[in-house]
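K.L.:
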């Protein structure tokens, strides 16, 4: 795989479980040795300059590794000390970060009973304690409820606006569409597509998709009758997907043929369509 | 002023310890008191009445057992601080992983944790010394050297055991190490009786254990009967085991954490 991230950009790795997103992230964060090839982070080689590079990175790991026994403030404090941030500077910065992630009121509470969203926000605050140039986020919102996800996205936008480079992995398409300027789709340890969300949809899907549902048992037979209405068709057990440039025209054509689907829906293509097209619908464990 | 990376890691463990230090400090004073009362005074009065002083080299059993117990406390503290907490930091709390996302390197994380274990051993030995003084068993200024010697005795346990713990995925083996390693050493390393009481085979086995070497140093130190020459062999042995443990830990920590 080969990729480059520009300063100030929000760059995403998209891919199913086991595609190699987390391994890539560990190599970028200079924790794992690279398996082979060339890797340059902030213009430095991680083998020679691991600690120097890590001093300028912020890392939000997939699994929280906060200390549940310590308080919110203590977690930020001990982490900041790993960077050798002077104690007084650190104390001021902690207050600033707590405000930023809206945890000031919980500052003296132990971490253990906090909600998943709060822990995630604290992990983000912790990753910012060294004022990093690049923030690495491994599945930042996995397992969070919609409110918590939006709160988190909002913080990430603000960081981007401040010029922080964001590199993230996700398997949420809406997250990728919301946050990423540019992304790569990974599958089986390689990059299978690269571009902005819009470009990817244009290149790997049609503008619109029509979803048709028929009575059980009818789907296969009906598929033959609508196949010519789209540029590409996908037959799933419960529905037919027609990939087309003009969804409304396809809907009208289905009506004209009197096929009487149980339901019919024309919608715009999403990154999810691209993703499933590129990485398949098979479950990978 | 900049703090060395390893000391920054030690700082974390010190901070985490602040949550439990009261209970922990209580027991580090409580245990020596109980042991010196039961073994030194209780069993001691029984031993001393039956030709004890003659066999023990004209000292009381309390004076005989107290410095050896200090060495044993260093060993047991080292064992409990270097196994479960090391594996937990890798596997459960993932403390090490958090540290490794910062400028700290694997070797800093390892050294930082080992130094913290050293602090815990030092606390255990120091509180033994204080309790020993209260029991009147410290009769020489040399006894102050029990502190560094005790730390070294503990380190000879802590470094190889931490190296071992870094290879483990569950805590199953740790209770085995205690049952088959630490407890037998505690009982048969000349803490409670001289090694000449043991059959020859067991005696030679005891000579190569770190605890016996620690006991052999601490006992004469408490009485102020150590010459520089007497120290050298045991010190060299304990330093050797500690150094081998550090080398092993560097390998196992790197293997476990650089993946």
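Residue numbers (the working numbering), protein chains in the order written: chain A, 1416 to 1700; chain B, 49 to 307. The C-beta atom is built at its ideal place from N, Cα and C for all residues, glycine as well.
#1: Does the beta carbon of residue 1444(A) sit closer than 8 Å to a beta carbon anywhere in chain B?
#2: Determine which residues share a DSSP beta bridge with residue 1472(A) and list them.
#3: CA-CA distance, residue 1446(A) and residue 1652(A)?
#4: So what's residue 1498(A) in DSSP terms, helix, strand or just coil?
#5: Mind pulling the chain A residues with CB within less than 9 Å of residue 58(B)?
#6: What three-state label does DSSP hand residue 1608(A) in the structure shown?
#7: When you check each C-beta in the region 1492 to 1511 of chain A against every C-beta of chain B, which residues fall closer than 8 Å?
#8: DSSP state of residue 1554(A), grouped into three classes?
#9: Mind reading off the beta-carbon distance from residue 187(B) to residue 292(B)? Whole number of angstroms is fine, and I expect it under 8 Å.
#10: Taking only beta carbons into account, state which residues of the region 144 to 175 of chain B come closer than 7 Å to chain A, listed in chain order.
#11: When the distance is taken between beta carbons, is residue 1606(A) closer than 8 Å to residue 1731(A)?
#12: Interface residues of chain A around residue 141(B) at Cβ under 8 Å?
#13: If you drop the 5 nearest sequence neighbours on each side, which residues of the same chain put their C-beta closer than 8 Å to that of residue 1518(A)?
#14: At 7 Å on the CB atoms, spell out the chain B contacts of residue 1469(A), in chain order.
#15: Using a Cβ-Cβ distance cut-off of 8 Å, determine whether residue 1546(A) contacts chain B.
#16: With distances taken from CA atoms, which of 245(B), 218(B), 250(B) and 215(B) is nearest residue 232(B)?
#17: Among the candidates 246(B), 239(B) and 245(B), whose CA atom is the shortest distance from the CA of residue 265(B)?
#18: Reducing DSSP to helix, strand and coil, say where residue 1488(A) ends up.
#19: Give me, in chain order, the residues of the same chain whose beta-carbon lies closer than 7 Å to that of residue 104(B); leave out the 5 immediate sequence neighbours on both sides.
#20: Using a beta-carbon distance below 8 Å, is residue 50(B) in contact with chain A?
#21: Strictly by DSSP, which residues pair up with residue 1659(A)?
#22: Would residue 106(B) be called buried (16 or more neighbouring beta carbons within 10 Å of its own) or exposed?
#23: With DSSP as the reference, please indicate the residues paired to residue 1601(A) in a beta bridge.
#24: In the DSSP assignment, find the unbroken alpha helix (DSSP H) run with residue 135(B) in it and report its ends.
#25: Between the region 1449 to 1466 of chain A and chain B, which residues of the former have CB atoms less than 9 Å from a CB of the latter, in chain order?
#26: Suppose you measure from the CA of residue 135(B) to the CA of residue 94(B); what does that come to, to the nearest Å?
#27: 8 Å is my cut-off, CB to CB: does residue 298(B) come that close to chain A?
#28: Let me know the alpha helix (DSSP H) ranges lying completely inside the region 129 to 192 of chain B, each 4 residues or longer, listed in chain order.
#29: Can you give me the Cβ contacts of residue 274(B) inside the same chain, cut-off strictly under 7 Å, excluding the 5 residues immediately before and after it?
#30: With a threshold of 8 Å, are at least 3 pairs of Cβ atoms found where one atom belongs to the region 1474 to 1492 of chain A and the other to the region 62 to 81 of chain B?
#31: Name the chain B residues that come within less than 9 Å of residue 1476(A), Cβ to Cβ?
P.N.:
Per the coordinate set shown:
#1: yes
#2: 1549(A)
#3: 44 Å
#4: coil
#5: Here the premise fails: no neighbours, minimum Cβ distance about 10 Å.
#6: strand
#7: 1492, 1493, 1494, 1496, 1497, 1498 and 1499
#8: coil
#9: Not quite, the Cβ-Cβ distance comes to about 35 Å (not below 8 Å), so this is no contact.
#10: 145, 146, 147, 148, 149, 150, 151, 152 and 153
#11: Nothing can be reported for residue 1731(A), as the shown portion of chain A is limited to 1416 through 1700.
#12: 1480, 1482 and 1483
#13: 1487, 1533, 1536, 1537 and 1540
#14: 149, 150 and 151
#15: no
#16: 250(B)
#17: 239(B)
#18: helix
#19: 112
#20: yes
#21: 1623(A)
#22: exposed
#23: 1606(A)
#24: 132 to 139
#25: 1465 and 1466
#26: 43 Å
#27: no
#28: 132 to 139, 143 to 148 and 154 to 182
#29: 190 and 268
#30: yes
#31: 142, 145, 146 and 149
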